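Chemist: Take a look at this one; I'll ask things after.
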Amino acid sequence: MKKLFSLMALGLVVSNISLIAMPISTPNNVTEEVVVTDDYGIATIADILKLSNVSLGSSDTTWEQTPGYTYARVYIDNLKGSEPITIYLKDNNGKTFDTFTVAAGKTATKTYSDLTTSSRNDYAISSTTPSGVKNATASVRIGTDPL
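Given below as structure tokens:
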């Protein structure tokens with residue numbers, strides 16, 4: 348009886364939360380959106396994968412920071428790189444707001460908050476290496492809550 352009651356309670360909790368996944372595409376990559384809603388259809392958590400393993404080349408790699416999504420997590424994979432890569436994150440106006448270096452054979456993850464206002468903002472990742480050869484990739488996930 349106790350087990351049955353626990354299963355019924357769990358069923359009620361699970362039925363009050365739904366998970367919706369819908370694809371969205373951006374210029375750089377196909378992305379996925381995950382939104383968790385309560386039983387009233389109100390989104391409680393939302394995040395979007397904006398970039399997924401995009402090669403860092405000679406031009407900037409950009410992502411749109413969707414209005415209302417104030418958090419971003421930037422992941423740089425330099426595992427195949429034979430030299431360090433310096434990353435520059437730029438805002439809508441091209442102003443660098445963060446710079447960091449990822450050693451050869453390493454990865455780095457940086458999290459940012461308050462990146463957008465009520466209007467669309469584009470952010471960019473540019474990079475340099477001592478020789479100019481780049482073997483790194485970038486992934487960016489944005490969210491309505493800390494990632």
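Residue numbers 348 to 494, in the working numbering, belong to the letters of the sequence shown in order.
Even for Gly, the Cβ is constructed at its ideal location relative to N, Cα and C.
Keep in mind the model is a prediction, meaning the values are calculated, not measured.
#1: Measure the CB-CB distance between Thr448 and Ile432 and report whether it falls below 8 Å.
#2: Quickly, what does DSSP pair Gly490 with across the bridge? List them, please.
#3: Looking only at DSSP bridge pairs, what is Leu426 linked to?
#4: DSSP three-state call for Val449: helix, strand or coil?
#5: Of the choices Lys397, Ser406 and Gly452, whose alpha-carbon is the least far from that of Ala419?
#6: Taking the alpha-carbon positions, what's the Asp424 to Ile434 distance?
#7: As a quick exercise: from Leu494, Arg467 and Tyr422, pick the residue whose alpha carbon is nearest that of Ser436.
#8: Let me check understanding here. Comparing Cα to Cα, which of Gly404, Phe444, Asn439 and Lys453 lies closest to Lys427?
#9: Taking all protein chains shown into account, do 16 or more other C-beta atoms lie within 10 angstroms of the C-beta of Val401, making it buried, or fewer, making it exposed?
Modeler: Taking the definition as stated:
#1: Against a cut-off of 8 Å, the Cβ pair of Ile432 and Thr448 comes out as a contact.
#2: Paired residue(s): Asp394 and Tyr418.
#3: DSSP, once it has assigned bridges, lists no residue as partnering Leu426.
#4: In the structure shown, Val449 sits in a strand (DSSP, three-state: E or B).
#5: Its Cα nearest to that of Ala419, the residue Lys397 stands out among Lys397, Ser406 and Gly452.
#6: In a straight line, the C-alpha of Asp424 is about 11 Å away from that of Ile434.
#7: One detail in the question is off: residue 436 reads as Leu in this sequence, not Ser. Closest in alpha carbon position to Leu436, among Leu494, Arg467 and Tyr422, is Tyr422.
#8: If we check each option's Cα against that of Lys427, Lys453 comes out closest.
#9: Classification of Val401: buried, given that the 10 Å Cβ count is 16 or more.
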